[in-house]
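The block underneath contains the structure these notes are about, expressed in structure tokens.
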Amino acid sequence: MLDTQKVTQELFDYIDASPTAFHAAEQAAKRLEAAGYRKVEKETETRIEAGGRYYMTRNDSSLIAFRIPGGELRRFRIAAAHSDSPSFKIKETPEMDVEGRYVKLNTEGYGGMIQSTWLDRPLSVAGRVITETAEGPRSRLVNLDRDLCVIPNVAIHFNREINKGYAYNPQVDLLPLFAGKAGKGEGEEKPETLTGLCARSLGIDEESILASDLFLYNREKGRRMGARGEFIGSPRLDDLQCAFGVLTGFLQADREAEEEGKEETGCCAVYALFDNEEIGSGTRQGADSTFLSDVLECICGGLGIGGAKKRDILSESFLLSADNAHGVHPNHPEKSDPTSRPYLNGGIVLKFQGSQKYTTDAWSAALVRSLCRQAGVPCQNFANRADIAGGSTLGNISSAHVSIPAADIGLAQLSMHSAFETAGALDTGYLIELCGKYFA
Numbered sequence: 000m001l002d003t004q005k006v007t008q009e010l011f012d013y014i015d016a017s018p019t020a021f022h023a024a025e026q027a028a029k030r031l032e033a034a035g036y037r038k039v040e041k042e043t044e045t046r047i048e049a050g051g052r053y054y055m056t057r058n059d060s061s062l063i064a065f066r067i068p069g070g071e072l073r074r075f076r077i078a079a080a081h082s083d084s085p086s087f088k089i090k091e092t093p094e095m096d097v098e099g100r101y102v103k104l105n106t107e108g109y110g111g112m113i114q115s116t117w118l119d120r121p122l123s124v125a126g127r128v129i130t131e132t133a134e135g136p137r138s139r140l141v142n143l144d145r146d147l148c149v150i151p152n153v154a155i156h157f158n159r160e161i162n163k164g165y166a167y168n169p170q171v172d173l174l175p176l177f178a179g180k181a182g183k184g185e186g187e188e189k190p191e192t193l194t195g196l197c198a199r200s201l202g203i204d205e206e207s208i209l210a211s212d213l214f215l216y217n218r219e220k221g222r223r224m225g226a227r228g229e230f231i232g233s234p235r236l237d238d239l240q241c242a243f244g245v246l247t248g249f250l251q252a253d254r255e256a257e258e259e260g261k262e263e264t265g266c267c268a269v270y271a272l273f274d275n276e277e278i279g280s281g282t283r284q285g286a287d288s289t290f291l292s293d294v295l296e297c298i299c300g301g302l303g304i305g306g307a308k309k310r311d312i313l314s315e316s317f318l319l320s321a322d323n324a325h326g327v328h329p330n331h332p333e334k335s336d337p338t339s340r341p342y343l344n345g346g347i348v349l350k351f352q353g354s355q356k357y358t359t360d361a362w363s364a365a366l367v368r369s370l371c372r373q374a375g376v377p378c379q380n381f382a383n384r385a386d387i388a389g390g391s392t393l394g395n396i397s398s399a400h401v402s403i404p405a406a407d408i409g410l411a412q413l414s415m416h417s418a419f420e421t422a423g424a425l426d427t428g429y430l431i432e433l434c435g436k437y438f439a
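Numbering-wise (numbering that gives the first Met the number 0), the sequence shown opens with residue 0 and increments by one.
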């Protein structure tokens, strides 16, 4: 069993360094490069060699890593998670004057968040800017990394019915306070701009910034909670808990195989981190794109594999889609299905749905349960109540482009899509152990 305290701190470090999908992909790339993986700049790259370790990125926010077996390639073992979380995207020219005394930022919602949880919290801004250079436009990540903004609630004295329910208007109620202006007689200063702050953070001229993709993020740190520290609370647990756990298991299997000199299995291990799951995955860097199929084609092309041989390899392959699941809520246990009741710290959650928005079927469920038994990891089930509509995730979307057997799994959590979510302290380790076994 892994050291829960160590794993939890490493998870918190990854989340803290990943305020946006761009940073989550960058952090994954740093861990891969430290383990000997080489970045392939183009998906048309054909210099792929047996025994090599590589990764590719798309749009700075999605990443796919893979290690080629030393012998004959016979199957792919793929596991996917997503890099994005619900937030507020900052619009172009965002500064809005309020009566000459305040400046707020113009934003719009990204993903299906619990809006009220974003109010009265310390917020900051991160993302990427595109700068003009002598060599052409260049992408640079930025994180202002300080308590910068707040979305202030209206005092209860001005809205005494708020505790009876309130429909937030995102263009009115949810705009963050960014700056204040000096009063009369206090001197005139040049108005602060968000672009100016980003430029100073990067040590460049404001005029060199051509465009940006910037988001608000919750500044609160991850922490252990519960009578015995059995729970964890953090922003962006959905889905960075799975993104971190799958990547750690991927690298752990690689490291153990090298240390133990394990016999070649013919398996190409693939780690996929997709962006834009929270808005339907329908982008060129989402699961509903050609990114995964392009990378698999690149691998096969680089190894001189095509035609019937490639189809045989895909028929023997498998996709594990990892995205957090709804745990039984302590105040509302009736919201969960009567017989499928996953709990925090209960282990891997297998996700089922008759409409196949979760792609798990009997065959793929059997494989995951068998792997859990081999890894000594508990396994539980999730299905929606028949009268409550559920969401979808990466599995069925990805397998529509790469037609291989797949299962949707996750880790149980509470407050999904809140600015601060709750999960089990043991479950990250369970996912690492399962993925270590899967990729081995």
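Every residue gets a Cβ at the ideal spot worked out from N, C-alpha and C, and that includes glycine.
| Asked | Found |
| --- | --- |
| Collapsed DSSP secondary structure at Ala439 in the structure displayed | coil |
| Beta-carbon gap between Cys448 and Leu410 smaller than 8 angstroms | Shown here, the chain extends from 0 to 439; a query on residue 448 therefore has no answer. |
| Chain B contact for Ile298 (CB, 8 angstroms cutoff) | Protein chain content of the structure displayed is limited to a single chain, and chain B is not contained in it. |
| Same chain, Cβ closer than 7 angstroms to Gln4, five either side skipped, listed in chain order | none |
| Cβ contact check for the region 50-60 and the region 309-319: 3 or more pairs under 8 angstroms | no |
| Nonlocal neighbours in the same chain, by C-beta distance under 6 angstroms from Asp287, ignoring five residues either side | Ser280, Gly281 and Ile396 |
| CA-to-CA distance, Asp360 to Arg283, given in whole angstroms | 28 angstroms |
| Proximal residues to Ala382 (C-beta, below 7 angstroms), its chain only, five neighbours per side dropped | Asp336, Ser339, Phe351 and Gln352 |
| Coil, strand or helix - Glu25 by DSSP | helix |
| When Pro332, Asp144, Leu425 and Glu229 are compared against Pro18, the one with the closest alpha-carbon | Asp144 |
| Opening and closing residue of the beta strand (DSSP E) in which Asn105 lies | Tyr101 to Tyr109 |
| Neighbourhood of Leu272 by C-beta, 8 angstroms cutoff - its chain only, sequence neighbours within 5 removed | Ala23, Ala24, Ala27, Ser61, Leu62, Ile63, Ala79, Ala80, His81, Ser82, Ala242 and Leu246 |
| Whole-number beta carbon distance between Val348 and Ile408, since they are thought to touch under 8 angstroms | 6 angstroms |
| Met415, buried or exposed, once every other Cβ within 10 Å from all chains shown has been counted against 16 | buried |
| Cross-strand partners of Ala324 (DSSP beta bridge) | Ala411 |
| Close-in-space but distant-in-sequence residues of the same chain around Arg37 (CB under 6 angstroms, 5 per side omitted) | Tyr53 |
| Top-ranked residue by Cα proximity to Pro377, from Ile155, Leu433, His156 and Cys197 | Leu433 |
| Reduced DSSP category for Gly248 - H, G, I as helix; E, B as strand; rest coil | helix |
| Boundaries (first-last residue) of the alpha helix (DSSP H) holding Leu147 | Looking at the DSSP string, Leu147 is not in any alpha helix (DSSP H), and its letter there is neither H nor E. |
| Same chain, Cβ closer than 6 angstroms to Phe75, five either side skipped, listed in chain order | Cys267, Val269 and Ser316 |
| Where the beta strand (DSSP E) containing Ser123 begins and where it ends | Leu122 to Thr132 |
| Phe87 and Leu209 closer than 8 angstroms at C-beta | no |
| Collapsed DSSP secondary structure at Phe157 in the structure displayed | coil |
| Residue environment, Ser211, which counts as buried when at least 16 other CB atoms sit within 10 Å | buried |
| With 16 other Cβ atoms within 10 Å as the buried cut-off, status of Lys436 | buried |
| C-alpha distance - Ala439 paired with Val124, whole-angstrom precision | 39 angstroms |
| Secondary structure of Pro404, DSSP reduced to three states | coil |
| Rounded separation between Gly184 and Tyr167 - CA only | Confidence at Gly184 is low in this model, with a pLDDT of 48, below 50, so the placement of that residue is unreliable and no value is reported for it. |
| Sequence-distant residues of the same chain with beta carbon closer than 8 angstroms to Lys356, five excluded per side | Gly389, Gly390, Ser391, Thr392 and Asn395 |
| Buried/exposed call for Ala418, threshold 16 Cβ in 10 Å | buried |
| Burial state of Leu157 (16 or more Cβ within 10 Å) | Going by the sequence as given, residue 157 is Phe instead of Leu. Classification of Phe157: exposed, given that the 10 Å Cβ count is below 16. |
| Simplified DSSP state of Gln4, which is helix, strand or coil | helix |
| Classification of Gln170 by the beta-carbon crowding that lies within 10 angstroms, buried from 16 upward | exposed |
| Under 8 angstroms between C-beta atoms of Leu318 and Ile89 | no |
| Leu370 beta carbon less than 8 angstroms from that of Gly244 | no |
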